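Protein chains in written order, with our numbering: chain L, 1 to 595; chain W, 596 to 1045. Heads up, the thing below is written out as structure tokens.
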């Protein structure tokens, strides 16, 4: 609280960043300990969580006041104009302080109180049980067993305690192998395919340098391939571009030499590193944030950002993995450098394609818990939860969600959840409101006692799962579709408007079939014939009228109850409750032009 | 000319047909005067079920043959963008089949085309032709206002060869003045009513360019006609689908644009839309890019960009929006024209109506709109759709304006999924039949020819 100098500023203007008419909403800006709140003259509220703020910028003074631009990690960009420069300066400084947190216990999750009692809190954390999940996959079994080697996090700090390895891999092999792997991340089971008896395993790069070898590591890989009775050959997928992997050899790291390992097929799949991904997203956001973009500028900007190329590369890698398992029944070992970014992407997407369980709401939570949270994807560093090294920030998890969204577009009936579910998860990965994504690995989470001090996100999502259900979901529309075989031809990849423009309402279509069906399900209304078609009119920017504003339905809400989950929901309901406007103004933002 | 002369081989056995997404089928190939038939018998080696292909030869856009050894492969690239491959045993047969298809597909005479031979069961010839008469459209307008009348000045197509016999014009202007105004407009296409906006009584007109020429000629009848069209509306906008420079250059060729001094209540807006050859090339590049599945993401995006097709779509929609805005929000009348007034003009007027008028978004309303704004208004389908994206033939007047219109409608449908009564399939069927069809709807260039 000591950072807050001004709690309330009146007569603040909120500009729409895509409106060409420079029209704005006027309202009052409030600064609370956790949120920035703007209430406009029609009582509509905009809540911005301090943890969501990625950057605050003060622009040069203008005649109407002092502009303040706030960029959020959930891709919201707000542009305020504060009448007095002193107020603007105060808010700017406060936000700079508030958005940078130095310690975990200052995060929102530690003050957030959803009015649950202690037993509910414990039950919430027990909702996802990974031991149960491995049992569902069919391990332990004759070939795979649970190892207690990492019980005290002695062998690998960033792995979870419970790890599954081939029965033939003894403890000395595990220890030896882990010494030969970057950060001690030795090969362990990520997903077991019951029917094919093949496994997805994950690890980090070997410390092979130019010629080093490690017998235990070679035994470890042999044990994995022997644990698969249907195919003795196994694939080793290095998800990095070959050049990067070779450069790593100079630093004593590198990749497996096919000659030293028996029965492996080695393959590079060429996904770029976190730094490339970070700058690619930066470029993408610059392009999509440009006002009045021409089609050609949009397409060339999209191309030069390389973003869709990276998304395709990730999905292509997952398809490669799935083919090895589904067609050849071969086990696959996946790694990148440290085995917590690209490896998590590829393993989790592979499992999602292979197993329809992960396409259910609960299953998707399990998948994220297993391949991302438990195996030590560094959420804290990648999402910049604490003020840290900006070079560690990277949209790796966002890319995973985008790959899932692309699959949902290709298989609209295969997923129990909808786009809103992905967006909500993305929201909370950055919100630091729940304990799930805090920290970088399980060890850290245990030491900081997150399970006692914070709440788990999953029960809250399950409680409101009606909002996240895909109305088109049909688990048995095609039993052989347990395996998804996506088509990764370039033109199947689209710009994800609902993610990168989720708060730019003027850019969204004014009619959505999905919203309509969802609304009908929510209100249990029978299917009505379309209302008498409204006059719709496309507006060139010069004449655009603002859409009618609907007063916020719950303006009495207290700050305690203002979880962003609630906020998003109220926005959603507003959107649905909005009467069909007599005059529909239609944007022709290029992002929506689909080929 | 007899079709039989063009067919060198009418029947070949054991031909293998392959196409994208189809299992290969072996069967007998027959060539008739209008169709390519291939039927495979069930029980044959590998053939799962009977495949029957009926391909209108008119649909074939390009024929490529490749000989190897004693057999040959013919690749048929169709106007509906299908690609089919025929593997034909015997070199001579292959060459014969290829040249027969080539000859048959390039028959240019209207009277020889399949629609003249096609007789669907249960339909009499006269039925179905007058489902959407202009008279009925006019009755709706007449119920609202008496400012407009139905004129028969073009009854024998003498005033304007590309207009239909019946036209809606301001009631205050007589047929004599219309004839004079027609002489002042490109192709005789004097301003006629295209759409009456019921909500505020404003109208959308379309025409050809005025023939002001280098000497800035004027025509009092044309000025009177446009002034009468304005009626009580304070002002109007002329939406010129060419750039200002192109419009000025057109003066050298006898065309031009409305000068401010002669039409004081009209304001000119230039919104350049591509047509003709650049549009056709854009289409060809787009189809090329779409057919190359091996493209990397970056190559795909750059080829999509360099095709500029989506820019054309956006430009067409923006211009239609502008016209609709003028009517709805500015409460002003609109006159749309380009050069001839048969291409981009119709694109804009048809789209603007779809944007403004819910009744155009029903199935019947959309058909009526097509009939009015594309077919009767004289979009030269025969020359514009003679060849599609694959043809190697030298392009003459081909341009996929109608496809551009359908793409724009599709984009509207994407943004307003609940506003169109019809779906994507109708648009696809329309595209197919504009290029090759059993029906005569899109045959010919204008009503006079028909």
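C-beta atoms are modelled at their ideal positions from N, C-alpha and C, and glycine is treated no differently. Just so you know, these numbers come straight off a predicted model, no measurement behind them.
Who are the neighbours of residue i on chain W, taking C-beta pairs under 9 Å?
i, result
"residue 511/L", "1010, 1011, 1012, 1013 and 1014"
Going by beta-carbon coordinates alone, are residue i and residue j separated by less than 9 Å?
i, j, result
"residue 791/W", "residue 743/W", "yes"
"residue 200/L", "residue 332/L", "yes"
"residue 596/L", "residue 399/L", "Residue 596/L is absent from the structure shown; chain L starts at 1 and stops at 595."
"residue 65/L", "residue 8/L", "no"
"residue 176/L", "residue 209/L", "no"
"residue 71/L", "residue 57/L", "yes"
"residue 427/L", "residue 74/L", "yes"
"residue 51/L", "residue 424/L", "no"
"residue 330/L", "residue 231/L", "yes"
"residue 626/W", "residue 669/W", "no"
"residue 937/W", "residue 907/W", "no"
"residue 930/W", "residue 1004/W", "no"
"residue 850/W", "residue 915/W", "no"
"residue 946/W", "residue 1000/W", "yes"
"residue 80/L", "residue 60/L", "no"
"residue 763/W", "residue 732/W", "yes"
"residue 128/L", "residue 166/L", "no"
"residue 928/W", "residue 824/W", "yes"
So which residues of chain W does residue i contact, with C-beta pairs closer than 7 Å?
i, result
"residue 489/L", "888"
"residue 342/L", "Simply none; closest approach about 17 Å."
"residue 601/L", "In the structure as shown, chain L begins at 1 and stops at 595. Residue 601/L is therefore absent and cannot be evaluated."
"residue 409/L", "Those within 7 Å of residue 409/L in chain W number zero; the least Cβ separation is about 13 Å."
In its own chain, which residues sit with a C-beta less than 8 Å from the C-beta of residue i, not counting the 5 before and 5 after it?
i, result
"residue 156/L", "150, 178, 183, 184, 185 and 186"
"residue 884/W", "890, 895, 898, 899 and 902"
"residue 381/L", "388, 389, 392, 393 and 440"
"residue 740/W", "791 and 796"
Name, please, each residue of chain W whose Cβ falls closer than 8 Å to the Cβ of residue i.
i, result
"residue 23/L", "None at all; the shortest Cβ gap to chain W is about 15 Å."
"residue 485/L", "Within chain W, no residue comes near residue 485/L; the closest Cβ sits about 15 Å away, beyond 8 Å."
Opposite residue i in the DSSP bridges: which residues?
i, result
"residue 419/L", "Looking at the DSSP assignment, residue 419/L forms no beta bridge with any residue, so it has no partner."
"residue 859/W", "For residue 859/W, which the question treats as bridged, DSSP gives no partner whatsoever."
"residue 835/W", "865/W and 932/W"
"residue 145/L", "165/L"
"residue 614/W", "679/W"
"residue 77/L", "71/L"
"residue 206/L", "181/L"
"residue 267/L", "237/L"
"residue 657/W", "672/W"
"residue 35/L", "49/L"
"residue 28/L", "39/L"
"residue 626/W", "631/W"
Counting only beta-carbon separations shorter than 9 Å, does residue i have a partner in chain W?
i, result
"residue 207/L", "no"
"residue 232/L", "no"
"residue 312/L", "yes"
"residue 49/L", "no"
"residue 15/L", "no"
"residue 299/L", "yes"
"residue 523/L", "no"
"residue 10/L", "no"
"residue 281/L", "no"
"residue 516/L", "yes"
Enumerate in chain order the residues of its own chain whose CB-to-CB distance from residue i is below 6 Å, with the five nearest sequence positions on each side excluded.
i, result
"residue 699/W", "601 and 652"
"residue 752/W", "1043"
Residue i touches chain L at which residues, Cβ-Cβ below 9 Å?
i, result
"residue 893/W", "303, 304, 306, 308, 309 and 490"
"residue 600/W", "Under the 9 Å cutoff, chain L gives no residues; its nearest Cβ is about 44 Å from residue 600/W."
With a threshold of 9 Å between beta-carbons, can residue i be considered close to chain L, or not?
i, result
"residue 677/W", "no"
"residue 896/W", "yes"
"residue 609/W", "no"
"residue 1019/W", "no"
"residue 900/W", "yes"
What does a CB cutoff of less than 7 Å around residue i pick up in its chain, not counting 5 residues either side in sequence?
i, result
"residue 245/L", "238, 254, 255 and 268"
Compile a chain-ordered list of the residues in the stretch 861-884 of chain W whose CB is closer than 9 Å to at least one CB of chain B. No chain B is present in this structure, whose protein chains are L and W.
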